[in-house]
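Residue numbers (the working numbering), protein chains in the order written: chain H, 741 to 842; chain W, 8 to 523. Here is the structure we will look at.
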């Protein structure tokens, strides 16, 4: 499976891990990951891009949709394990203004 | 899975032995099927055309036309429809059986016949026929839908092309290449000359491709052409476009864009880059370049409260070239799936080639890289040359296109009782004031000021209501009840607005007087 999610022990942090291409084809899978959390309401989100090889503007769009879902400006979303290429994409689109990027 | 009873079928049986014919007929009729009997291959073909059976049993060895030839003809008569042909055979050698299948036969039934085997075969083929029919029906539906979709897209495309028209792109200082994945392009390129003679160009790349992406270009294009034509500043135009896209596009759909305002007389360019790859200003004198990096979020992501329209200003010289492109250039893939990439672009930029050929060199290299593969993304590349003085003159706005904008003016509007009862003049006035480029960005403040002035004149001046009534919640309702009654009874009254606007060195002065 290309996208998987796991809830932390205290149910406060949802980690979504993307494996492979992160683009328009991931749309439904990505959304399901945070919409179908049954046990608990996460307050923090962690998008792990360790195994993501490619990210396009649709992926940026999906992150904005997650941000809106998680409370817009109040959302606490961290994007972790970004490769230098992925960091560059976030930098070009100034997404570090909206997300914590590591 | 449950097996449905196949129901009654019409079955054609071609068999030259009368005894076998009789046995098969009685077995089929016992299972409730309608049976058409013939004695040789030729009458089988005729009967097939006349009675359109659902299933055909053919003996292999028959007089006139044999079973194998009859199967061939029947298969070709049935066209796209699946009408199973089952050979009745006592043949045991594999080769003869293979010949039967080659002729289009679907299965065999060996003599002596067995009722259970016969019924199961009929059931199986009946199911196969159903599946085939469903599939054929779905295929027809899909191709019909596809045809409709293309027709609709073509109509929409005509509307789209009128709104996102070429504007000033025909100018010879601009060269551009744009490819589209579908009928619609997710990239948009617009250019227009302002009343003051500045060239405004915007290159935008919407999230995704095709129709959803193209929809966003409509508000972008209409706002861009409308405002550039009226002489608004780059910052005002960006704000307005951002606001429109933020309000109308769903979250997750946005537009990476570079917008430039180039004044060839003053030799300066203003650049706003939100989300596009670095723009390049390639110098004529030195064959070196400066990068304009994206420093903003794309258009349509932030509300106007957080949106920043600050631009980078660069000095231009004759012969310089300004280049911009969408990420489709970097991400263009070859057959092996490798991207064209940053390094290949830098190689061209660092080549020291004359500025005029950089554009064509990048385009050539990208196209060679892609080869004949399907393109991954919309690819857009734009080059704007800084022309020499003679050609700058040609860029001056034509007198016909200049719609003009408000500079020095006065306006007086008097509303008498009948109008005061029903009409709110504020949006009309704000509309007029917005024709002044410098005032538009303050229109929300002006709206508040005008609204206060108007309400004071009407409620306290004309209707004589005291604000003190509103000091309690109950009084608040009372106040508006009195206001309503007062307006209904109003006969002799007026409110007058007077506006005076003068343009000055660095802006202008608007004087507003409201009285009764």
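Backbone N, C-alpha and C fix where the C-beta goes; we use that ideal spot for every residue, glycine too. Here the structure is a predicted model, which means the values were calculated and not measured.
If you run the structure through DSSP and keep just helix, strand and coil, what is residue i?
| i | result |
| --- | --- |
| residue 337(W) | helix |
| residue 435(W) | helix |
| residue 408(W) | With a pLDDT of 43 at residue 408(W), under the threshold of 50, the predicted position of this residue should be treated as unreliable, though the coordinate-derived value follows. Reduced to three states, the DSSP call for residue 408(W) is coil. |
| residue 312(W) | coil |
| residue 266(W) | strand |
| residue 90(W) | coil |
| residue 36(W) | helix |
| residue 197(W) | strand |
| residue 778(H) | coil |
| residue 289(W) | strand |
| residue 414(W) | coil |
| residue 387(W) | strand |
| residue 452(W) | helix |
| residue 512(W) | coil |
| residue 783(H) | coil |
| residue 135(W) | helix |
| residue 111(W) | coil |
| residue 772(H) | helix |
| residue 280(W) | strand |
| residue 258(W) | coil |
| residue 520(W) | strand |
| residue 322(W) | strand |
| residue 756(H) | strand |
| residue 15(W) | coil |
| residue 430(W) | coil |
| residue 238(W) | coil |
| residue 301(W) | coil |
| residue 744(H) | strand |
Please confirm whether residue i and residue j have their CB atoms less than 8 Å apart.
| i | j | result |
| --- | --- | --- |
| residue 185(W) | residue 196(W) | yes |
| residue 391(W) | residue 200(W) | no |
| residue 79(W) | residue 111(W) | yes |
| residue 64(W) | residue 20(W) | yes |
| residue 347(W) | residue 339(W) | yes |
| residue 838(H) | residue 259(W) | no |
| residue 118(W) | residue 58(W) | no |
| residue 316(W) | residue 245(W) | yes |
Throw me the rounded Cβ distance for the residue i and residue j pair, which I believe falls under 8 Å.
| i | j | result |
| --- | --- | --- |
| residue 243(W) | residue 447(W) | 6 Å |
| residue 66(W) | residue 114(W) | The pair is not a contact, with the Cβ atoms about 14 Å apart (cut-off 8 Å). |
| residue 503(W) | residue 490(W) | No, residue 503(W) and residue 490(W) are not in contact; Cβ-Cβ is about 20 Å, not under 8 Å. |
| residue 89(W) | residue 139(W) | 4 Å |
| residue 330(W) | residue 393(W) | Rounded, the Cβ-Cβ distance is 12 Å, inconsistent with contact. |
| residue 469(W) | residue 500(W) | 5 Å |
| residue 789(H) | residue 822(H) | 5 Å |
| residue 223(W) | residue 263(W) | So it is not a contact: roughly 11 Å between Cβ atoms. |
| residue 457(W) | residue 433(W) | 6 Å |
| residue 786(H) | residue 758(H) | Their Cβ separation, rounded to whole angstroms, is 11 Å, which puts residue 786(H) and residue 758(H) out of contact at 8 Å. |
How big is the Cα-Cα spacing for residue i and residue j?
| i | j | result |
| --- | --- | --- |
| residue 539(W) | residue 795(H) | Outside the displayed range of chain W (8 to 523) lies residue 539(W), so it cannot be described from this structure. |
| residue 254(W) | residue 304(W) | 16 Å |
| residue 234(W) | residue 342(W) | 43 Å |
| residue 172(W) | residue 308(W) | 25 Å |
| residue 783(H) | residue 777(H) | 12 Å |
| residue 107(W) | residue 94(W) | 7 Å |
| residue 335(W) | residue 830(H) | 16 Å |
| residue 194(W) | residue 349(W) | 20 Å |
| residue 120(W) | residue 31(W) | 8 Å |
| residue 167(W) | residue 832(H) | 29 Å |
| residue 33(W) | residue 131(W) | 20 Å |
| residue 519(W) | residue 505(W) | 6 Å |
| residue 84(W) | residue 162(W) | 40 Å |
| residue 813(H) | residue 773(H) | 21 Å |
| residue 369(W) | residue 337(W) | 11 Å |
| residue 748(H) | residue 321(W) | 50 Å |
| residue 256(W) | residue 439(W) | 28 Å |
| residue 827(H) | residue 285(W) | 15 Å |
| residue 366(W) | residue 287(W) | 11 Å |
| residue 441(W) | residue 225(W) | 22 Å |
| residue 313(W) | residue 497(W) | 45 Å |
| residue 360(W) | residue 294(W) | 7 Å |
| residue 484(W) | residue 474(W) | 12 Å |
| residue 513(W) | residue 780(H) | 58 Å |
| residue 444(W) | residue 507(W) | 15 Å |
| residue 174(W) | residue 742(H) | 44 Å |
| residue 408(W) | residue 232(W) | Per-residue confidence for residue 408(W) stands at a pLDDT of 43, beneath the threshold of 50, marking its modelled position as unreliable; the derived number appears in the next sentence. Their backbone Cα atoms lie some 12 Å apart in a straight line. |
Original post:
Along the chain, which unbroken stretches of the beta strand (DSSP E) at least 3 residues long are found entirely within the region 793 to 820 of chain H?
Top reply: 816 to 820
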